[in-house]
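Quick note on numbering: the sequence shown equals residues 66 to 154 in our numbering. Quick reminder that beta carbons are idealized off the backbone N, C-alpha and C, glycines included.
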Amino acid sequence: MPALLVVTDLQQPPEAYPRFFELLKTHAYARLTPAIWAVEVDATPKSLFDDLKPLIKETDFLYVFRLTPSFVGRGSANVLKWLKDHVRA
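(1) On the DSSP bridge assignment, give the partners of Val152 in chain order.
(2) So, at 7 Å on beta carbons, what are the nonlocal neighbours of Asp74 in its own chain, with the 5 sequence-adjacent residues on each side left out?
(3) Under a Cβ-count criterion, where at least 16 other Cβ atoms within 10 Å of its own Cβ denotes burial, should Ala154 be classed as buried or exposed?
(4) I need the straight-line Cα distance from Pro78 to Ile121, nearest angstrom please.
(5) Find out if the Cβ-Cβ distance for the pair Leu132, Leu69 is shorter than 8 Å.
(6) Which residues in the same chain have their Cβ closer than 6 Å to the Cβ of Trp147, if we skip the five residues on either side of it in sequence?
(7) Which word fits Phe128, buried or exposed, when buried means at least 16 other C-beta atoms lie within 10 angstroms of its C-beta?
(8) Alpha carbon to alpha carbon, what distance is there between Leu145 and Phe86?
(9) Leaving aside the five residues before and after Lys118 along the sequence, list all residues of the same chain whose C-beta is less than 7 Å from its C-beta, in chain order.
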């Protein structure tokens, strides 16, 4: 399954988006930062975007990218391990 990167800029507190976060958490995921999630899902970036878009406000930002194994990072060891285990070509 592909891993997708979900980048958000949500204008309200997380409590205002329960269904958004519930949907992300139904998949294998790693939270890179409070606003960035890596999600392993059998979907295209467009289809995941289409599923998530109705769950946010008009003033919020949402971007979905396909992750590739060509990445480097510094941060949580758990997140880096998740990325190494789940991001595939």
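Looking at the coordinates:
(1) Per DSSP, Val152 has no beta bridge partner at all.
(2) Ala100, Asp125, Phe126
(3) exposed
(4) 11 Å
(5) yes
(6) For Trp147, where only same-chain residues beyond five positions count, the Cβ hits under 6 Å are Ala95.
(7) Note that residue 128 corresponds to Tyr in the displayed sequence, not to Phe. By the neighbour-count rule (16 or more Cβ atoms within 10 Å), Tyr128 is not buried but exposed.
(8) Approximately 21 Å, taken between the alpha carbons.
(9) Leu127, listed in sequence order.
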